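*Asks:* Pasting a structure below so you can have a look.
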Amino acid sequence: MQIFQLGDILPMLEDKAGILAAVKHGFISHARGEIDLPNPMQILFERADKSLRADCHVKAASSAAMPYFCIKVASGFYDNPKLGLPVNNGCVLLFSSETGLPLALFQDEGHMTSVRTAAAGALSAQLAGGDRPKRLGIIGTGHQAELQALWIASTMDISEVCLWGRSKDKARALAARLASHGCPAQIAPSVATLSAQSDILVTTTPSTAPILKNEHVRDDQHIIAMGADSPGKQELDPQILARADAIIVDDFAQCTAHGELGWATRAGLVGQDKTIPLGEALARNESPVSGDDISLVDLTGLGAQDLALAAFVYENLITSKP
């Protein structure tokens, strides 16, 4: 088994076009039933007041069309910045699906998970209806909020970026980081203001209660919800899903158990007939709705993404060696 450190991996993660193509293919293959996804496992860590302080996700995938299967471990410990440590960490294991032998250990410190999630958001943003330039709103101030702004702004016609976070200091720090990457962003004073001036809204928080309320949402917005990726997490008012003209899911069963869709289905507001698999929508290369409708993408993070990116990185690392 080859062991790749973060320094080996990072150059491979700079190829946005290659990563987008690989992750898109992973979603499409999943929608066609070509990828086996075991149920994800998560470990949740609570504070004394029962609020969520950390989580760890284990996801896996295999495909008859690929000579690999993978197992990914990704953790998020939200108080780590107080200790001078990054929030996210993890590693990815890639195995031969012919022999079961481990081929590679990617000690990526969570970067591969971050990048495949950024790619999913960028692909989902391209499903927004209408041809005009879009105004992008980001809810959250962490690493994924930063990646979503950078990846979406660099892959489609975005006229302006606006962000909101509970902490004004963190929002200002994120705006400064985005500006340093050539992506200037405004800071909204409230979620309501952010939504009013955004065509695409991306939620990237570990919230356990709705942040984006039904009254915040216009009838022509495209919402990408990615913070709710385990039971108990929630960023959206379920009534938003009831209003949506299309709900696009990375995986129906996983979104029902782990995502925003679960809150709406348990409340009896929506059923499976209202959902569209993300891979199916991506295969069409067009939005399932017009620019005058509400569309919502529920992203819970799939092992299919991890397999697609692990295979992409591994094959590029192998071929780049002298």
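All residue numbers for the sequence shown refer to this note's numbering, where the first residue is 139 and numbers rise by one. For each residue, glycine too, the CB sits at the ideal point set by N, CA and C. Bear in mind that the values here come from a model prediction, so they are computed numbers and not experimental data.
#1: Can the beta-carbon of G214 be found closer than 8 Å to that of A192?
#2: Report buried or exposed for S336, applying the criterion of at least 16 other Cβ atoms within 10 angstroms of its Cβ.
#3: Please classify A347: is it buried, with 16 or more other beta-carbons within 10 angstroms of its beta-carbon, or exposed?
#4: Going along the chain, which residues of its own chain have a beta-carbon closer than 8 Å to the beta-carbon of I414, five neighbours each way excluded?
#5: Quick test of your reading: V230 and K210, contact by CB under 8 Å. State the CB separation rounded to the nearest angstrom.
#6: Where do the N-terminal and C-terminal ends of the beta strand (DSSP E) with V253 fall, by residue?
#7: Can you check which of these residues, D357, I362 and L440, is closest to F390 by C-alpha distance?
#8: State the beta-bridge partners of E184 as determined by DSSP.
#9: So within the segment 390 to 431, which uninterrupted beta strand (DSSP E) runs reach at least 3 residues, ignoring any that extend past its ends?
#10: What first and last residue would you give for the alpha helix (DSSP H) that runs through K162?
#11: Could you check which residue in S297, L312 and M250 has the C-alpha nearest to that of A283?
#12: Could you name the residues of the same chain whose beta carbon sits closer than 8 Å to that of R315, not counting the 5 residues immediately before and after it, in chain order?
#13: With distances taken between CB atoms, is the gap from I147 to V451 smaller than 8 Å?
#14: Whose C-beta lies closer than 7 Å to the C-beta of A382 among residues of the same chain, with five residues either side of it excluded?
#15: With a threshold of 8 Å on Cβ separation, who are the neighbours of L474 within its own chain once the five nearest residues in sequence on each side are excluded?
#16: For H360, count neighbouring Cβ atoms within 10 angstroms of its own Cβ and tell me buried if that reaches 16, exposed if not.
#17: With contact counted as at least three CB pairs below 8 Å, one residue from each stretch, are the segment 237 to 249 and the segment 257 to 274 in contact?
#18: Taking the beta carbon of I173 as the centre, do at least 16 other beta carbons fall within 10 Å, making it buried, or is it exposed?
#19: Would the beta-carbon of E298 fall within 8 Å of that of R273?
#20: Can you give me the C-alpha to C-alpha distance between W289 and G259, rounded to a whole angstrom?
#21: Taking the beta strand (DSSP E) that R315 falls in, what are its first and last residues?
#22: Excluding the five sequence neighbours on either side, which residues of its own chain have a C-beta within less than 7 Å of the C-beta of A402, listed in chain order?
#23: Under the DSSP definition of a beta bridge, which residues are partnered with M179?
*Replies:* Let me spell this out:
#1: Along the sequence shown, one-based indexing puts residue 214 at 76. Along the sequence shown, one-based indexing puts residue 192 at 54. Cβ distance < 8 Å, so G214 and A192 count as in contact.
#2: Position 198 of the sequence shown holds residue 336. Under a 10 Å Cβ-count criterion, S336 is classified as buried, with 16 or more other Cβ atoms of the shown protein chains found around its own Cβ.
#3: Here the question's residue 347 lines up with position 209 in the sequence shown. Exposed, since its Cβ has fewer than 16 Cβ neighbours within 10 Å.
#4: Numbered from 1 along the sequence shown, position 276 holds the residue referred to as residue 414. Hits under 8 Å: A384, I385, I386, V387 and P426.
#5: Residue 230 sits at position 92 when you count from the first residue of the sequence shown. Residue 210 sits at position 72 when you count from the first residue of the sequence shown. With a Cβ gap of about 5 Å, V230 and K210 count as contacting.
#6: One-based indexing of the sequence shown puts residue 253 at position 115. Boundaries around V253 are those of the alpha helix (DSSP H), H249 to A263, since no beta strand (DSSP E) includes it.
#7: Sequence index remark: in the sequence shown, residue 390 carries index 252 (1-based). When each option's Cα is compared against that of F390, the closest is L440.
#8: Residue 184 sits at position 46 when you count from the first residue of the sequence shown. Per DSSP, L190.
#9: With a minimum length of 3 residues, the continuous beta strand (DSSP E) runs that stay inside the segment 390 to 431 are 413 to 415.
#10: Translated into the one-based positions of the sequence shown, residue 162 becomes position 24. Start and end: K154 to A169.
#11: Residue numbering aside, residue 283 sits at position 145 when the sequence shown is read from its first letter. A check of alpha carbon separations from A283 across S297, L312 and M250 identifies L312 as the nearest.
#12: To locate residue 315, count along the sequence shown from 1; it is residue 177. Only E284 meet the Cβ criterion.
#13: On the sequence shown, position 9 is the one that residue 147 refers to. On the sequence shown, position 313 is the one that residue 451 refers to. The answer is yes: Cβ separation under 8 Å.
#14: Residue 382 sits at position 244 when you count from the first residue of the sequence shown. Sequence-distant Cβ neighbours of A382 in its own chain, meaning closer than 7 Å and more than five residues away, are I432, S433 and L434.
#15: In the structure as shown, the chain begins at 139 and stops at 460. Residue 474 is therefore absent and cannot be evaluated.
#16: Counted from its first residue, the sequence shown places residue 360 at position 222. Under the 10 Å beta carbon count, H360 is surrounded by 16 or more other beta carbons and is classified as buried.
#17: When C-beta atoms of the segment 237 to 249 are compared with those of the segment 257 to 274, fewer than three pairs fall below 8 Å, so the two segments do not count as touching.
#18: Sequence index remark: in the sequence shown, residue 173 carries index 35 (1-based). Here I173 is buried: its Cβ has 16 or more other Cβ atoms, across all protein chains shown, within 10 Å.
#19: For this step, residue 298 is matched to residue 160 along the sequence shown. For this step, residue 273 is matched to residue 135 along the sequence shown. A contact, by the Cβ cut-off of 8 Å.
#20: In the sequence shown, the residue the question calls residue 289 occupies position 151. In the sequence shown, the residue the question calls residue 259 occupies position 121. So the alpha carbons of these two residues sit roughly 8 Å apart.
#21: Here the question's residue 315 lines up with position 177 in the sequence shown. No beta strand (DSSP E) contains R315, which is instead part of the alpha helix (DSSP H) from K306 to S318.
#22: Taking the first residue of the sequence shown as position 1, residue 402 is located at position 264. Exclusion of the five residues before and after A402 leaves P376, L379, A380 and V408 as the residues of its chain whose Cβ lies within less than 7 Å of its Cβ.
#23: Sequence index remark: in the sequence shown, residue 179 carries index 41 (1-based). BP columns for M179 point to V196.
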